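As structure tokens, the structure follows; a few thoughts come after it.
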Amino acid sequence: MFSGVTGLINRGHKLKGTVVLMRKNVLDINALTSAQSPTGIIGGAIGAVGGVIGSTVDTLTSFLGRSVALRLISATAADASGKGKVGKQTYLEGIITSIPTLGAGQSAFNIHFEWDSDMGIPGAFYIENFMQVEFFLVSLTLEDVPNQGTIHFVCNSWIYNAKKYKSDRIFFANKAYLPSETPGPLVKYREEELKTLRGDGTGERKEHERIYDYDVYNDLGDPDSNARLARPVLGGSALPYPRRGRTGRKPSKKDPKSESRSDSVYLPRDESFGHLKSSDFLFYILKSASQNLQSALRLQFNQPEFTSFDDVRGLYDGGIKLPTDALSKISPIPLFSELFRTDGEQVLKFPPPKVIQVDQSAWMTDEEFAREMIAGVNPHIITRLQEFPPKSKLDSQLYGDNTSTITREHLEPNLGGLTVEQAIQNNRLFILDHHDTLIPYLRRINATETKAYATRTIIFLQDNGTLKPLAIELSKPHPQGDNFGPISNVYLPANQGVEAYI
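Each residue of the sequence shown is one higher than the one before, counting from 1 in full-length UniProt numbering.
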């Protein structure tokens, strides 16, 4: 403590800096993401409240001037080992309230570094956090550096208690170098940081780590809970991809090749959502969690099931209306005060999806259908149409003729004067093809309560850059056998009437 106070008083000719950081939110989305129910979320929230106690200790630590320490590293002056010289340790000082550019939740602190002229120009710095709770380091800016002016360090990284790290956290100035052009005094620091980020392939990953290591997909099954849930390993020496982030969990008991399951998934800490996005997600998690109460509420208060789209829209317009004494029966906790009102109104009221905020029927249009094809899970399946009609690669002896039944007459009325051949040549026609993938399995799928078709969808790239569906082909197995080929129907867009919304 004495050295910290001395550093505050005897500044002399020092480098002045500004450190911008963000404290961890009391209700942090990253602490709650493993919760799968309202109870779990509440438990996570209570656990987060426990962090308030830790923050009280941190406030005392900060008061003593020993909360966060930094050491500058030279990019131009090396020590006997060839590494950049490291300056003396110094601590964050008073908070700055006069910086208008601070973002939401950010705080700025003064800091002064002892930096002799023979130390050269700073190019990196070490940082140590002596608080119990992590914080988000935004940046460090050095002012009036001799022969350099201002040096800016863009950090954007979570800093945990220093005891959690095997090596000190380091950040480099906001200047990119090719490997061959990296200043000599910084080379070894760069190599050490890269080694830290890569990891050594051992141990189980922890929340605070930043290791980007990869492994085969050997956690897709759960053989310990049920032998039927065992799954093969994807990837390996013969098939190097796909890869997933390595977690290092112990192998399952029944299959040594498979990794044991866990409710949490390791993600390098800096890849987690930031504060603003976290706040949005937390708000909607609390709202979504209340949906688990929906069935019980409807049964208890005789609310009918959904019988029309108007019933669904009612959740967005007014929520589920309860009797005035309903809240005392379900005993909502304080965290759900946004969801439950004392007058019984607006329970389970959710913000409407963007697509229906302007037009409640917009989700039914062909334009929205095409937009969702790009915004959803299908973009990697959509391909440029190269032959017409689309053909199948299925064995014709087993599955008959699976050539598409979509014709030129189906498409050309909506091609803006182009022929099919011209549209293909100009890269204007695309196809979303699930036909060959589904046909071999349709009989088994449709023997269950689930019903499905094999589909092909032809899409046209319009002059305004949007996509327009031209034809959807739905196919199902022939009742006399697969070798007879599928039975297919083609559906086309309509301009008016009910058909325009089918």
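Every residue gets a Cβ at the ideal spot worked out from N, C-alpha and C, and that includes glycine.
Quantities reported herein were computed from a predicted structural model and do not represent experimental measurements.
Unbroken beta strand (DSSP E) run spanning residue i, endpoints
i: K85; result: 84 to 86
i: E181; result: Taken as a continuous stretch (DSSP letters only), E181 belongs to no beta strand (DSSP E), as it is neither H nor E.
i: Y241; result: Note, Y241: premise wrong, no beta strand (DSSP E); not H, not E.
i: N110; result: 106 to 113
i: E387; result: That residue, E387, is in no beta strand (DSSP E); it is neither H nor E in DSSP.
i: L140; result: 135 to 145
i: I99; result: Per DSSP, I99 belongs to no beta strand (DSSP E) and is neither H nor E.
i: H152; result: 149 to 159
i: L70; result: 68 to 78
i: K16; result: 15 to 23
i: S488; result: 487 to 491
i: N414; result: No beta strand (DSSP E) contains N414, which DSSP labels as neither H nor E.
i: R169; result: 169 to 172
i: Y126; result: 122 to 129
Buried versus exposed call for residue i [16 or more other C-beta atoms within 10 Å across all chains shown]
i: P486; result: buried
i: I41; result: Low local confidence applies: a pLDDT of 43 at I41 is under 50, so the model's placement there is unreliable, with the coordinate-based value given in what follows. I41 should be labelled buried.
i: A238; result: exposed
i: F430; result: buried
i: F125; result: buried
i: T6; result: Residue placement at T6 is flagged as unreliable, the pLDDT there being 41, under the threshold of 50; the coordinate-derived value follows with that caveat. T6 comes out exposed.
i: T202; result: exposed
i: L178; result: exposed
i: Y212; result: exposed
i: H410; result: buried
i: residue 503; result: Past the boundaries of the shown model lies residue 503; the chain is included only from 1 to 502, so the question cannot be answered.
i: N489; result: exposed
i: I374; result: exposed
i: V358; result: exposed
i: L60; result: Because L60 carries a pLDDT of 44, less than 50, the predicted location of this residue cannot be relied on, and no value is offered for it.
i: E473; result: buried
i: K85; result: buried
i: T407; result: exposed
i: F136; result: buried
i: G120; result: buried
i: G221; result: buried
i: F309; result: exposed
Nonlocal neighbours in the same chain, by C-beta distance under 7 Å from residue i, ignoring five residues either side
i: E387; result: none
i: W363; result: V355, I356
i: G235; result: V216, Y217, Y241, P242, R243
i: E412; result: T419, V420
Residue interval of the alpha helix (DSSP H) (run including residue i)
i: V355; result: 354 to 358
i: residue 505; result: Since the first and last residues shown for the chain are 1 and 502, residue 505 lies out of range.
i: I424; result: 420 to 425
i: L398; result: 396 to 399
i: E409; result: 408 to 411
Closest residue to residue i among the options (Cα-Cα distance)
i: G123; options: L102, F153, E134, F130; result: F153
i: I99; options: I459, G87, F113, V19; result: V19
i: E93; options: V355, K16, T150; result: K16
i: H434; options: A452, A173, Y160; result: A452
i: S67; options: G400, E134, N156, E181; result: E134
i: R371; options: L432, T405, E421; result: L432
i: residue 515; options: H112, E449, Y491, I73; result: Residue 515 lies beyond the stretch modelled for the chain, which goes from 1 to 502, so this question has no answer here.
i: R444; options: D482, S81, P146, I458; result: D482
i: E204; options: R246, V187, A227, A173; result: R246
i: E271; options: A230, K188, I170, N156; result: N156
i: T365; options: P493, F172, E209; result: P493
i: F70; options: L142, A77, G103; result: Inspection of the sequence shows that residue 70 is occupied by Leu rather than by Phe. When each option's Cα is compared against that of L70, the closest is L142.
i: I159; options: E209, Q425, E367, D401; result: E209
i: E367; options: D144, K468, G149; result: K468
i: P353; options: G221, F369, R313; result: R313
i: T405; options: A471, L394, A423; result: A471
i: L398; options: H478, L220, G103; result: H478
i: D79; options: V187, Q148, A108; result: V187
i: F484; options: G199, D310, G400; result: G400
i: residue 506; options: Q425, Q360, N414, P185; result: A question about residue 506 goes unanswered here, because the residues of the chain that appear run from 1 up to 502.
i: residue 516; options: I95, P146, I439, L438; result: Limits of the chain in this structure are 1 at one end and 502 at the other, which puts residue 516 out of reach.
Own chain partners of residue i with C-beta closer than 8 Å, once the 5 adjacent residues on each side are dropped
i: D463; result: G416
i: S167; result: E192, T196
i: Q106; result: V20, L21, M22, V138
i: V233; result: V216, Y217, N218, K257, S258
i: K14; result: H112, F113, E114, W115
Proximal residues to residue i (C-beta, below 6 Å), its chain only, five neighbours per side dropped
i: S260; result: R249, K250, S252
i: K391; result: T403
i: K88; result: E114
i: K254; result: P223, D224
i: A162; result: E128, N129
i: F172; result: A124
Min CB distance residue i to chain B below 8 Å
i: L15; result: This model lacks chain B altogether, as it is built from one protein chain only.
Which runs of the alpha helix (DSSP H) fall wholly inside the stretch 435 to 484 and span at least 4 residues, in chain order? Here the runs fully enclosed are 435 to 438, 442 to 446.
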